[in-house]
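So the mapping is simple: this note's numbering equals the position in the sequence shown, first residue as 1, plus 442.
First the structure, in the form of structure tokens, and then the observations on it.
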Amino acid sequence: MTTSYDVRRTDWLIVFGVAVYLCVTRASKTVCIAILIAVAISCFVGLRRSIISRSGASLLILIFVFGAINSQRATNDFADVRLGEYEGYATVMSDPQNIGAATRTALEIEGDRFIVYTYGRPAWRLAGAKVGEQVFVRGLRESFARGTESRWMAQHIKGKFRLESVGEQRLVASPILRSVQRVRDLVQLGSDSFEFNDRALFTGLVIGDDTRQSESMIDAFRKSGLAHLVAVSGQNVSFVLAALSPLLSRLKNRLRIIATLGVLAWFVLITRVEPSVVRAATMAGLAFLSVTFGRPTRTMRLIALTVLLAVIVDPLLAWSVGFFMSVGATCGLCIGAAPLAQIIRRPKWLAQLIGATVAAQLGVMPVVILIFGLPSVTGIIANVLAVPIAGLVMLVGLPMSLFSALISNFGLGEIGDLVMLPIQVGVRWVWWVAEIFAHLRFEGTVNLALWLGVLAGIIALRHRRSSV
């Protein structure tokens with residue numbers, strides 16, 4: 443019988459192996475050699491001290507080799523791009539978005555994706571295009587300036603397309619993508635009674651559509667520490683499954699498996715295949731399958747297997763900041779939420795809320811500090827105030843907006859607006875919290891001192907609880 447200590451040790455070994463795989467996938471050849479040396483030393487020390495078995499050491503080496511092969515495959519595929527002039531049909535791969543005076547979107551041309559910034563008449567014609575539609579374009583395919591390509595790698599964008607003209611005719615998208623677009627249009631229609639900024643935030647909370655959010659709103663959510671709310675993640679996925687569970691539970695086992703996995707895949711498409719949603723949907727699918735087949739998996743192992751599977755399928759996820767933040771937040775919740783809640787204890791609902799908030803913040807801290815710098819400590823308070831309301835909006839917003847849109851088609855728009863009124867109040871609350879705490883933020887030495895104070899307070903509370 444396996445002891446709890448051995449179980450934890452095995453889980454952490456798997457996590458370490460997946461971390462090695464991620465690092466190797468993203469690393470250069472020089473860094474790969476350094477990682478190989480570190481893995482070899484770790485295996486040697488682990489074997490000498492009986493921390494890992496020979497099979498565990500062999501598995502780590504195998505993971506390293508497979509990661510190196512996967513990395514080479516990803517970089518070779520990314521470097522294989524056709525450049526030069528092009529005239530013909532291109533597939534729209536992202537929703538057109540206004541960036542200053544330009545319209546930005548991604549086009550797929552002959553199997554390669556290009557980012558497009560366009561102005562004037564071409565921008566006007568491109569602005570109404572939907573994902574999956576094909577438009578006739580003429581322009582020049584160019585490579586990125588050296589050192590700037592990593593920003594776009596996670597989106598599989600290989601270069602820039604200097605657009606010269608766009609034809610009026612469009613070819614329709616596939617039936618699946620049209621159904622996805624129909625849902626997104628219904629969500630927009632259901633929130634039509636909202637003010638423009640409220641509607642832009644609502645679609646961000648429910649389906650991750652931030653294309654209509656103003657720069658001031660985006661900046662406010664970033665500064666307040668609430669930017670994760672408009673990046674669809676595991677919470678949205680769990681709410682979708684919870685809303686559909688009464689229907690799914692009535693199906694026979696095989697049909698339930700197919701339907702559940704189909705719903706997850708469809709929701710990933712609705713959110714435009716955001717890396718955080720890919721992680722959440724993959725993890726939800728693996729958890730569902732493990733329970734269905736009577737082999738429930740511990741959470742840390744499940745997270746590691748999710749990351750491994752996702753990066754094997756799409757190695758370029760190793761360059762996605764959103765993917766790493768999603769994984770970090772999930773790990774933080776898994777490891778720290780319950781212990782922190784036990785430290786705070788009462789009231790229980792507040793302890794759970796603060797514990798989850800602080801744990802998620804600590805989980806994403808390494809990535810946030812590396813990319814954006816140290817976040818403001820007031821983000822903890824902002825999350826405590828905004829997350830519960832945002833969660834309610836996510837839970838009921840999607841079904842209620844679809845209901846409102848459908849009854850509006852039958853001339854019952856006033857009833858639909860009334861149904862959506864509480865949701866609009868919730869959206870406005872989240873926005874106000876973001877605006878207020880964007881101005882109540884600390885920076886520099888003061889912010890660092892406050893973070894150290896929070897950590898010291900947690901340690902003191904833990905020590906006090908353990909001594910009671």
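We put the beta carbon where it would ideally sit given N, CA and C, even for glycine.
Keep in mind that this is a model prediction, so the values were computed, not measured.
If you look at residue 794, you'll find it in the alpha helix (DSSP H) that goes 790–813.
In summary, residue 888 is exposed, with fewer than 16 beta-carbon neighbours lying within 10 Å of its beta-carbon over all protein chains present. Taken through DSSP and simplified to helix, strand or coil, residue 560 comes out as strand.
Rounded to the nearest whole angstrom, the C-alpha separation of residue 805 and residue 496 is 31 Å. Linking residue 719 to residue 783 through their CA atoms gives a straight-line distance of about 27 Å. For residue 817, the closest alpha carbon among the candidates 803, 687 and 593 is that of 803. One Cα belongs to residue 880, the other to residue 748, and the distance between them is close to 34 Å. Under the DSSP assignment, residue 610 falls in the beta strand (DSSP E) whose first and last residues are 599–613. Assignment of residue 590 by DSSP, reduced to helix, strand and coil, places it in the coil class. For residue 553, no pairing in a beta bridge is given by DSSP. Excluding sequence positions up to five before and after residue 641, its CB lies within less than 6 Å of the CB of 633, all in the same chain and listed in chain order. As a beta-bridge residue in DSSP terms, residue 547 pairs with 558. Where residue 777 is concerned, there is no enclosing beta strand (DSSP E), because DSSP gives it neither an H nor an E. In the assembly as shown, residue 537 is a buried residue. Its beta-carbon has 16 or more other beta-carbons within 10 Å. The C-alpha of residue 723 is placed about 33 Å away from the C-alpha of residue 788.
701 is the residue among 678, 701 and 677 whose C-alpha sits nearest the C-alpha of residue 688. By the neighbour-count criterion, in which a residue is buried when 16 or more other Cβ atoms sit within 10 angstroms of its Cβ, residue 757 is buried.
An exposed status is given to residue 461, since fewer than 16 other beta-carbon atoms sit within 10 Å of its beta-carbon. In this chain, the beta strand (DSSP E) harbouring residue 539 covers 539–541. Judged by their CB atoms, residue 643 and residue 836 are not nearer to each other than the 8 Å cut-off. Per DSSP, residue 667 is not a residue of any beta strand (DSSP E), being assigned neither H nor E. Nearest in C-alpha terms to residue 452, of all of 799, 741 and 832, is 741. For the pair residue 649 and residue 483, the Cα-to-Cα distance works out to about 45 Å. Between residue 586 and residue 572, the CB-CB gap reaches or exceeds 8 Å.
Spanning the alpha carbons of residue 770 and residue 854 requires a straight line of approximately 44 Å. Taken atom to atom, the span from the alpha-carbon of residue 786 to that of residue 901 is near 11 Å. Counted as a single uninterrupted DSSP element, the beta strand (DSSP E) harbouring residue 577 occupies residues 576–585. Runs of the alpha helix (DSSP H) lying entirely within the region 618–660 and spanning at least 4 residues, in chain order: 638–649.
With a 10 Å radius around the Cβ and a threshold of 16 neighbouring Cβ atoms, residue 651 comes out buried.
Exclusion of the five residues before and after residue 827 leaves 875 as the residues of its chain whose Cβ lies within less than 6 Å of its Cβ.
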